[in-house]
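Residue numbers (the UniProt record's numbering): 1 to 435. Note that the Cβ used here is the ideal one computed from N, Cα and C, for glycine as well. For clarity, every value in this text was computed on a predicted model and none was experimentally measured. Some notes on the structure that comes next.
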Amino acid sequence: MRIQAAILIGSWKKKHRQLRAVLCGRCRLLSHGQMITAVGGNGGYSGGKQFVSAEELREKLSHLRHEKALIVKLVDILDFNGSFLARVRDLAGANPIILVVTKVDLLPKGTDLNCVGDWVVEATMKKKLNVLSVHLTSSKSLVGIAGVISEIQREKKGSANVGKSAFINALLKMMSYKDPVAAAARKYKPIQSAVPGTTLGPIQIDAFLGGGKLYDTPGVHLHHRQAAVVHSDDLPALAPQSRLRGRSFPNSQVALDEWTAETIGSDGLNGISIFWGGLVRIDVLKVLPETCLTFYGPKALQIHLVPTDKADEFYLRELGNRLTPPTGKERANSWTGLETKRQLQIKFEDAQRPACDVAISGLGWIAVEPIGRYRATRDARLEDTEKELLLDVLVPRPVEIFVRPPMPVGKGGEQWYQYRELTEKEMEVRPEWHF
């Protein structure tokens, strides 16, 4: 067994040109796809001496605000609200920021990136940060990476598990075509993992001719994301691997199963509870009969609809079985449950566009459409769109729920998205977006 293990390690090190490098046991396991959490308290693990805390990670980055640097902040477009650091100004200080939006290749097919870029800029402007530009990127397809390279000088930072190390690897790959220093740096590229906290400390990478430094920093871990409450073995289930496809309820264009067809009557979703795996429950208290909820998130999380008066019983019976994560009855028995409840009052303003998104930190979002676009009647009366919807959303503590303007995704997004008219002053300070 020892000989076989030595061969495997040697093979991996040879592939990555690290035969002369000494790998710790944790890096070896990560390189072979093992889920080794790094931050104490993440993924249900209590931590230990070999782990670092979220406070220690913040401390390692605190020096940035006192130095002159160009900050490259990464945000996951699939978890825009959950991965956008609320206290980024405390870490970046007055330094200029390039906002890099990752994983745009996973947005639904037909999405107009012009609309998404404008949507991101609108959301960013409200945070009053010194943002120079916004870049929509994909580390996998290298979309948008060239534009970022032209602006990057030294440092980068972001929240955990948004693809920082993957972005560094893509950056070095494209730079290596013209920069021999970057080509040499690729031999020591950071390890990628689905586990938040793979990068334990700032990693200096000599990537620029002339001596400029690039730093891959640890992610600042956010306790309010789903990744902070599920077991480390369940983390891959939260990471979409292919383009998102919205799952809509109700949807007359998709054949409903017999049980769901009986449950959803002429009153629409009223009186129905919707489970998104074992992590989210939505009780529909009051909606218009034609209201449509469209879920955007990882395919591994199944969606189940049950009458609200049977929802508690269903959750207790199916948690760990049909409702996963948590996976398995053993983890279900130690699961704290859906302890946070937030009641949402949603008003309709336009019968032809979604009312809002309900974003679940670290998971995805639900588009709330005032009159289901799959069954919409074009002559809907305005008074029917001025009524309120009432939803109870339940999630694990301390996962956060965000209500935001709807993200324009899919083929229909460009049709209903509205560009805001800007004043001359707004145009001067507004960052441009690129992809």
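query, result
"Can you give me the Cβ contacts of residue 378 inside the same chain, cut-off strictly under 7 Å, excluding the 5 residues immediately before and after it?", "Any answer about residue 378 is weak, because its pLDDT of 43 lies below 50 and its placement is not dependable; what the coordinates show is given next. Hits under 7 Å: none found."
"Per DSSP, what are the beta-bridge partners of residue 131 in this structure?", "97"
"In terms of alpha-carbon separation, which member of 302, 311 and 103 lies closest to residue 321?", "302"
"Given a threshold of 16 other Cβ atoms within 10 Å of its Cβ, counted over all protein chains shown, does residue 87 qualify as buried or as exposed?", "exposed"
"On a Cα-Cα basis, can you pick out the residue from 354, 94, 298 and 241 that is closest to residue 290?", "354"
"When you compare only the Cα positions, how much space is there between residue 119 and residue 369?", "18 Å"
"In this structure, how does DSSP classify residue 64 when only helix, strand and coil are distinguished?", "helix"
"Once the 5 residues before and after residue 95 are set aside, which same chain residues still bring their CB inside 6 Å of it?", "69 and 71"
"Could you give the distance in angstroms between the alpha-carbon of residue 276 and the alpha-carbon of residue 141?", "30 Å"
"When the Cα atoms are used, what is the spatial distance from residue 327 to residue 294?", "24 Å"
"Taking the straight line between their C-alpha atoms, what separation do you get for residue 127 and residue 313?", "42 Å"
"Quick one: using the 10 Å Cβ neighbour count with 16 as the cut-off for buried, is residue 150 buried or exposed?", "exposed"
"Taking only three categories from DSSP, how would you classify residue 302?", "coil"
"Would you call the segment 75–87 and the segment 108–115 touching, i.e. three or more CB-CB distances under 8 Å?", "no"
"At the level of alpha carbons, what is the spacing between residue 40 and residue 361?", "The predicted position of residue 40 is uncertain, since its pLDDT is 44 and thus under 50; a value taken from the coordinates is nonetheless stated next. Going by the C-alpha atoms only, they are around 20 Å apart."
"Taking the alpha-carbon of residue 92 as reference, which of 397, 62, 341 and 101 has the nearest alpha-carbon?", "62"
"Give every residue of the same chain whose Cβ lies closer than 6 Å to the Cβ of residue 400, excluding the five residues on either side of it in the sequence, and list them in chain order.", "224 and 361"
"With residue 134 and residue 101 assumed to form a contact (beta carbons below 8 Å), what rounded beta-carbon distance in angstroms separates them?", "7 Å"
"In three-state DSSP terms, what is residue 23?", "The pLDDT assigned to residue 23 is 48, lower than 50, so where the model puts this residue is not dependable, and the model offers no usable value."
"Relative to the C-alpha of residue 106, which candidate in 286, 244 and 79 has its C-alpha closest?", "244"
"Which residue's Cα is closest to the Cα of residue 412: 422, 338, 246 and 270?", "246"
"Rounded to whole angstroms, what is the Cα-Cα separation between residue 238 and residue 357?", "19 Å"
"Indicate whether residue 136 and residue 285 have their beta-carbon atoms separated by less than 9 Å.", "no"
"Please classify residue 255 as buried or exposed, where buried requires at least 16 neighbouring CB atoms within 10 angstroms.", "Annotation note: pLDDT 35 at residue 255 (below 50); position unreliable, no value reported."
"Let me know if residue 226 comes out buried or exposed under the rule of 16 or more other beta-carbons within 10 Å of its beta-carbon.", "buried"
"Alpha carbon to alpha carbon, how far is residue 103 from residue 417?", "21 Å"
"Could you have a look at residue 335 and say whether DSSP puts it in helix, strand or coil?", "coil"
"What distance in whole Å lies between the Cβ atoms of residue 389 and residue 287, which are believed to be in contact at a cut-off of 8 Å?", "5 Å"
"May I ask you to report which of helix, strand or coil DSSP gives residue 82?", "helix"
"Going by DSSP, what residues sit across from residue 433 in a beta bridge?", "134"
"When the Cα of residue 84 is compared with those of 114, 64 and 124, which residue comes out closest?", "124"
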